[in-house]
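Q: The following block contains the structure, expressed as structure tokens.
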Amino acid sequence: MVPKSFYDVRFGVSPGGARKDAHHICGSLDEAMAALDSELEESLNVWLLFEYGADLALDVYQRGERVRSIDLHPFVTIRVDGYPDITFRGPGKPTGYAVGADDPYKVKSVLEDGIFSGDFDDAIEVTVDWGGVVVPPLVGEIAKEGDYVMLGDGPLDDLDDLDDLDEDELEDELIERGYVEYGSHDFDA
Numbered sequence: 001m002v003p004k005s006f007y008d009v010r011f012g013v014s015p016g017g018a019r020k021d022a023h024h025i026c027g028s029l030d031e032a033m034a035a036l037d038s039e040l041e042e043s044l045n046v047w048l049l050f051e052y053g054a055d056l057a058l059d060v061y062q063r064g065e066r067v068r069s070i071d072l073h074p075f076v077t078i079r080v081d082g083y084p085d086i087t088f089r090g091p092g093k094p095t096g097y098a099v100g101a102d103d104p105y106k107v108k109s110v111l112e113d114g115i116f117s118g119d120f121d122d123a124i125e126v127t128v129d130w131g132g133v134v135v136p137p138l139v140g141e142i143a144k145e146g147d148y149v150m151l152g153d154g155p156l157d158d159l160d161d162l163d164d165l166d167e168d169e170l171e172d173e174l175i176e177r178g179y180v181e182y183g184s185h186d187f188d189a
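In UniProt numbering, the protein residues as written are 1 to 189.
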């Protein structure tokens, strides 16, 4: 089994009052962009980003090894009708939402409550400036539907001992060793 190249759109929060550990294993940047758009269509996820300090990154894996992790926060803008744009300096660091406000904490509280409750669903737009994100192209064999990949920075297993397994046995063994199937997963859902 040849280690594959792929993108992992990673969106999550550390365990606590909220739980999310979403990973979208993608073989193209277009697929990664669509996966993030899908995540940001849900008001709860927008709230996790704005209020809860959710991690949001595009991890680049070349031939099975993570070579780069790109923080996507600086490229995200949340627009709520009647409020200044919300931008980010990093996880848990929203900025801009209270420009010109007498009481920035009150503005933040109103936005938090409205986003969480869904009251702003018809008045909210989230954009990602993908043109500003420098993403290296994938090299080598690219992961596709049906493939399994290893997430994280650990060493890749020698999988030569799996050559004689049938398809079901191979799938079970890969999962047992911590591999994840191509596609979208939320491990805390």
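C-beta atoms are modelled at their ideal positions from N, C-alpha and C, and glycine is treated no differently.
Please read all numbers here as calculations on a predicted model, not as lab measurements.
With which residues is H24 paired in a DSSP beta bridge?
A: Taking the sequence shown and counting its residues from 1, one reaches residue 24 at position 24. H24 is bridged to V9 and S184.
Q: Check V135 in the structure and name its three-state DSSP category.
A: Counting from one through the sequence shown, the residue named residue 135 turns up at place 135. If DSSP states are grouped into helix, strand and coil, V135 belongs with coil.
Q: When DSSP labels each residue in this structure, what does A54 get in the three-state scheme?
A: As a first step, residue 54 must be located in the sequence shown, where it is residue number 54. Three-state DSSP puts A54 in coil, outside helix and strand.
Q: Out of curiosity, what's the CA-to-CA distance linking D122 and D71?
A: Stepping through the sequence shown from its first residue, residue 122 is reached at position 122. Stepping through the sequence shown from its first residue, residue 71 is reached at position 71. Their backbone Cα atoms lie some 28 Å apart in a straight line.
Q: Beta carbon of Y179, beta carbon of Y148: below 8 Å?
A: Sequence index remark: in the sequence shown, residue 179 carries index 179 (1-based). Sequence index remark: in the sequence shown, residue 148 carries index 148 (1-based). Going by C-beta atoms, Y179 is nearer than 8 Å to Y148.
Q: If you draw a straight line from the alpha carbon of R63 to that of L44, how long is it in whole angstroms?
A: Position 63 of the sequence shown holds residue 63. Position 44 of the sequence shown holds residue 44. A straight-line Cα-Cα distance of about 34 Å links R63 and L44.
Q: So, at 6 Å on beta carbons, what are the nonlocal neighbours of G132 in its own chain, with the 5 sequence-adjacent residues on each side left out?
A: Stepping through the sequence shown from its first residue, residue 132 is reached at position 132. Here the set comprises F75.
Q: Got a sec? Which residues, its chain only, sit under 6 Å from R66 by beta carbon, not counting five neighbours each side?
A: As a position in the sequence shown, residue 66 is number 66, starting the count at 1. Closer than 6 Å at the Cβ level, and outside the excluded window around R66, lie D59 and D153.
Q: From which residue to which residue does the beta strand (DSSP E) around Y148 run?
A: By one-based count along the sequence shown, residue 148 stands at place 148. Residues Y148 to M150.
Q: State the DSSP-derived secondary structure class of V60, mapped to helix, strand or coil.
A: Looking up residue 60 in the sequence shown gives position 60. In this structure, V60 counts as strand in the three-state DSSP scheme.
Q: Compare the beta carbon distance of L40 and Y7 with 8 Å and say whether it is the shorter of the two.
A: As a first step, residue 40 must be located in the sequence shown, where it is residue number 40. As a first step, residue 7 must be located in the sequence shown, where it is residue number 7. With contacts defined by Cβ atoms closer than 8 Å, L40 and Y7 do not form a contacting pair.
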